[in-house]
Every structure is written in C-alpha cells, then in structure tokens.
Amino acid sequence: KSEVLPELQVVVEDLLREDRERREQEREEVQRAAQQRAEEIRKKREAERMLRAERDRQLRVQQAVQQAQQAEASGSNTTVSECTICKEINRRTGAGTVEGRGHRSDNKVCPSKAWLEQRKPEEGETWAEMWMAGLYARATSRKQRTVQTKKK
1 KSEVLPELQV VVEDLLREDR ERREQEREEV QRAAQQRAEE IRKKREAERM
51 LRAERDRQLR VQQAVQQAQQ AEASGSNTTV SECTICKEIN RRTGAGTVEG
101 RGHRSDNKVC PSKAWLEQRK PEEGETWAEM WMAGLYARAT SRKQRTVQTK
151 KK
C-alpha cells in the first residue's frame, strides 16, 4: 500500500495537471476566437459606416450640383441673399445698376455705398432724388443691424 500510493498519487496529479492545462488552452483558444470574431465584426461595421458616409457625401454633392443647375436654369440664385439697399437702387434706376448679390447691407463692401457716394450732392445742394438721401443715410449709418436668434 505504501509503495503503490505515492506512484498512483503522482500519476493522478499528472493527469489532473494535464487536464487543467488542456482546459486553459481550450479557454484561451475560445477567447482568441471570440476576440477575432469581435474584431471582424468591428471591421465590417467600420467598412459599412465608411461606405454609408461616402454614399451620403456623394448624394449631398449631387444635390448641391442639381440645386445649382436648377438655380442657373431658372435664372435666379437662391443661395445668395440680395442686399436691400442695392435691390432698391436697381428697382428705381433699372436692373443691373449695382450688383446686389454676394453681400448684405451690413455696411461692409456694398457697391451701393460707392454708387451713392458718386451721386452725393455738393455741400449746400440737395439730392437729385429724395429716395437717394434715405438710402445714403442707411448705407453709411454706423448702426449695425443684428439678426435675432431663436431662443432655445
């Protein structure tokens, strides 16, 4: 009994150790496979996301081109607002007197200001047209108009 037990104990311990190592190895393989699957899924989702983003970008570009073509075909430009002072000058003097698009009447680079400066009367004289005096006052005023923003 004393001779067989130690040898049997060594064999049992070896079997248990081998079994434990095999289970750990299997667990690591399962873990590695799960990580690999997760990585593949992540890459697939990333590729789909990139594809959707590219498709959306192309659609936006296509829509912008269509909008520009429609605006050009209709003879109007809806993307640039028209300066109110320039619009008034063109209405009273004939279309095309001053370029009213591409800026706003915010006292910056407005062609109406230069147009009105050229027609400004000498000191002591009066304006040729009263509407010009009003527009000149608006075009040269220091007060900047502020746009009201919606409160959230």
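This note's numbering puts the first residue of the sequence shown at 1, with every later residue one more than the last. Just so it is clear, CB atoms sit at the ideal spot from N, CA and C, and this is done for glycine as well.
CA-CA distance, R55 to I41, rounds to 21 Å.
Excluding sequence positions up to five before and after L116, its CB lies within less than 7 Å of the CB of M132, L135, Y136, A139, all in the same chain and listed in chain order. E13 has its alpha-carbon roughly 10 Å from the corresponding atom of P6. Annotation for A128: no alpha helix (DSSP H) segment contains it, and DSSP assigns it neither H nor E. C110 is a Cβ neighbour of I85, given a cutoff of 8 Å. Note on geometry: alpha-carbon atoms of D19 and E3 lie some 25 Å from one another.
Assignment of V61 by DSSP, reduced to helix, strand and coil, places it in the helix class.
Spanning the alpha carbons of E125 and Q118 requires a straight line of approximately 14 Å.
The continuous alpha helix (DSSP H) containing S112 extends over residues 111-118. By the 16-neighbour rule on beta-carbons within 10 angstroms, K44 is exposed. The continuous stretches of alpha helix (DSSP H) do not include E122, and DSSP gives it neither H nor E. Counted as a single uninterrupted DSSP element, the alpha helix (DSSP H) harbouring E88 occupies residues 84-93.
Our two residues, V65 and S74, have alpha carbons roughly 14 Å apart in a direct line.
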